[in-house]
Structures are given as structure tokens and as C-alpha cells.
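The sequence shown begins at 39 in our numbering and counts up by one.
Beneath this line is the structure, given in C-alpha cells, with notes to follow.
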Amino acid sequence: MVKEYNRMIDELSVSADLLAKSERELAWREMAKQVAHEIKNPLTPMKLSIQHLKKAYDEQVPDWDKRLQRFSKTMVEQIDNLAQIAGEFSDFAKMPSSINGLLDLRTFVPDIMEIYSGIDKVKIEHIFPNDSEQLWVIADKNQLLRVFNNLLHNSIQSYSKEQTAIIQIIYEKNHDFVKCHVKDFGCGIPEKLKSNIFSPNFTTKTSGMGLGLSMVKAIVENMGGSIWFQSEENQGTTMTFTLPAHIEKHENIER
Numbered sequence: 039m040v041k042e043y044n045r046m047i048d049e050l051s052v053s054a055d056l057l058a059k060s061e062r063e064l065a066w067r068e069m070a071k072q073v074a075h076e077i078k079n080p081l082t083p084m085k086l087s088i089q090h091l092k093k094a095y096d097e098q099v100p101d102w103d104k105r106l107q108r109f110s111k112t113m114v115e116q117i118d119n120l121a122q123i124a125g126e127f128s129d130f131a132k133m134p135s136s137i138n139g140l141l142d143l144r145t146f147v148p149d150i151m152e153i154y155s156g157i158d159k160v161k162i163e164h165i166f167p168n169d170s171e172q173l174w175v176i177a178d179k180n181q182l183l184r185v186f187n188n189l190l191h192n193s194i195q196s197y198s199k200e201q202t203a204i205i206q207i208i209y210e211k212n213h214d215f216v217k218c219h220v221k222d223f224g225c226g227i228p229e230k231l232k233s234n235i236f237s238p239n240f241t242t243k244t245s246g247m248g249l250g251l252s253m254v255k256a257i258v259e260n261m262g263g264s265i266w267f268q269s270e271e272n273q274g275t276t277m278t279f280t281l282p283a284h285i286e287k288h289e290n291i292e293r
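Below is the structure:
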């Protein structure tokens, strides 16, 4: 009976490994299909644009200069789109392990947000706790930068081009965690889409692969935190994530 039990355990272990491998392969096949689909989408209009431009050149049309300018603009936009698709997939596929260290959010985040200060119609406000205590967290500096960049990019895109994007980053601290809220007042997330918001391949945008928020979730969880959101359509979205707080230990030394 012992031998038979051990044999069954070994077979179950092998079956579990095969199942896990099969599921991983299926996931990557689905991802590969999505990449191919996303890349093929802009190729057709790019090919047609080149054919139309060549035809206009052969016929020596009078508005050649204007057509060339429109063609150049279209090509640059489509190439940027392809680069974004490749970048998102590469980032998701090669997610590095976290190298966590100590960071003070009170100084780290405002410094990295300087890049957004020169963007027209974008206003980012930091709201810290009333005290001046440092907000030490245990996090990977580079990966945390990616988290904020993704969340801010999404918040900015939730506004129309005519609106001024107002975004608040609100910080809270308790004993074990520091909470960060990235709050916008944009278009919000429709109720029917909320359950899929962190799923790979899911996006509400017309470009990209929808890997941004799934990557953010993976990064935050790898650093020992968690992430969730609240959103009302046409009223805005608040993405909230936690990071482990650094707790200083004081030892009483008897003399």
C-alpha cells in the first residue's frame, strides 16, 4: 500500500507539472496571437498609404507636398504604435525580480514627477500626511517608477484633449503599509469592464496591448503590496496600492 501510495503521488506530481506547463504554453500562444493581431492592424493602412503616395508621385499631383506631410505624420504615428506594442510585450515577458531597498516617498515621487511638469493641461498634486515624517517604504526604485508612470499615463488618458487633466497622488501611512492613491476626475471605468481591468490583453484604448495594469499589479505584488481601484463612470477613477512600510526598531540597552 505504501509503494502504491508513493507511486500515485509521483504520478500526480508529474501530471501537475505537465498541466502547469500546458497552461503556460497556452497562455503564451494566446499572447502571441494577440501580438500578431495588434501588429497586423496598422500594417494594412501603412501599405495602402505607401501605394497611394507612389501613385500620387507617378501622376505628379499638384498637392504632392501636402500629401507627403500627411503620409509622414501617419507613418510616424503607426510606427510609434508598433513600438508601444513591442515595448509592452517585452516588459511583460521579461519582468525582472524586484531588488527592494529603502525609499522615502516624500522625496522620491515628487522628484520623478518633474517630467510631467512641462506637459500642457496636466496638473499633478501631491497630498501628504499632515506631519513631516518620512514615508519610508521597501520597494524597487526602477519598478516603482514604472508603476507611477503607468498609472499617471492612464489617468491623463482618461481626460479628453480639451480638458485639463487634474490628478491627485494621496499618501497614507499606517504601522505596516504606506498607501498611495492615484486619483483622477476623468471618464471613469464602465461597470461592465471593471472585472477585467487587471487582465492581460485587456484594454479600453484603441492602441497598445493592455499589459500596463497587469504589469503594475505584478510589480506591486512582487514588492509585497496589493492594488485595487474605485471608479464611477464620468466621475473618475482612484487606483490604490500599498507598499510595505519600513519600521525602525529601537532596542533598549541596559547599562
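Cβ atoms here follow ideal geometry from the backbone N, Cα and C, with glycine treated the same way.
Given the structure is predicted, the values throughout are model-derived calculations rather than measurements.
Per DSSP, which residues does PHE215 bridge with? Please list them.
PRO282
Would you kindly work out how many angstroms separate the C-alpha atoms of LYS211 and THR276, rounded to a whole number?
Cα to Cα, the separation comes out at about 17 angstroms.
What does a CB cutoff of less than 8 angstroms around SER269 pick up in its chain, not counting 5 residues either side in sequence?
GLY226, ILE227, LYS232, THR275 and THR276
I'd like to check one pair, ASN180 with VAL254: are the Cβ atoms closer than 8 angstroms?
no
Taking contact to mean at least 3 C-beta pairs separated by less than 8 angstroms, is the stretch 112–121 in contact with the stretch 163–173?
Flag = no, the stretch 112–121 and the stretch 163–173 do not touch.
Return the chain-ordered list of same chain residues with a C-beta closer than 7 angstroms to the C-beta of TRP266, the five sequence neighbours on each side being excluded.
So the qualifying residues of the chain are THR278.
Use the C-beta contact count for THR244: other C-beta atoms within 10 angstroms, 16 or more gives buried, fewer gives exposed.
Because THR244 carries a pLDDT of 41, less than 50, the predicted location of this residue cannot be relied on, and the following value inherits that uncertainty. Classification of THR244: exposed, given that the 10 Å Cβ count is below 16.
Under 8 angstroms, do VAL216 and LEU143 count as touching if we go by C-beta distance?
LEU143 sits close to VAL216, with the two beta carbons spaced by under 8 angstroms.
Please name the residue or residues paired with ASP222 in a DSSP beta bridge.
ILE205
Just to confirm the assignment, what range does the beta strand (DSSP E) spanning ILE265 have?
265–270
Looking at the unbroken alpha helix (DSSP H) that takes in GLU259, where does it start and where does it end?
250–260
Does DSSP put VAL99 in a helix, a strand or coil?
coil
Helix, strand or coil, according to DSSP, for LYS85 in the structure here?
helix
Using the Cβ count rule (16 or more neighbours within 10 Å means buried), how would you classify LEU301?
This structure cannot settle anything about residue 301, because the visible part of the chain is limited to 39 through 293.
First and last residue of the alpha helix (DSSP H) that includes MET190?
In the sequence as presented, Met is not what sits at residue 190; that position holds Leu. Start and end: 179–195.
Is ASN192 buried or exposed, if buried means 16 or more other CB atoms sit within 10 Å of its CB?
buried
Shortest alpha-carbon distance to VAL114 belongs to which of LYS92, ALA283, VAL185 and LEU81?
LEU81
In three-state DSSP terms, what is GLU229?
Three-state DSSP puts GLU229 in a helix.
Identify every residue that forms a DSSP beta bridge with THR276.
LYS221 and GLN268
Comparing alpha-carbon positions, which option in GLU200, THR280 and LEU106 lies nearest ILE207?
THR280
Buried or exposed: where does ILE235 fall if 16 or more other Cβ atoms within 10 Å of its Cβ makes it buried?
By the 10 Å Cβ count, ILE235 comes out buried.
If you compare alpha carbons, which of GLY263, ASN272, LYS161 and ASP158 is closest to VAL185?
GLY263
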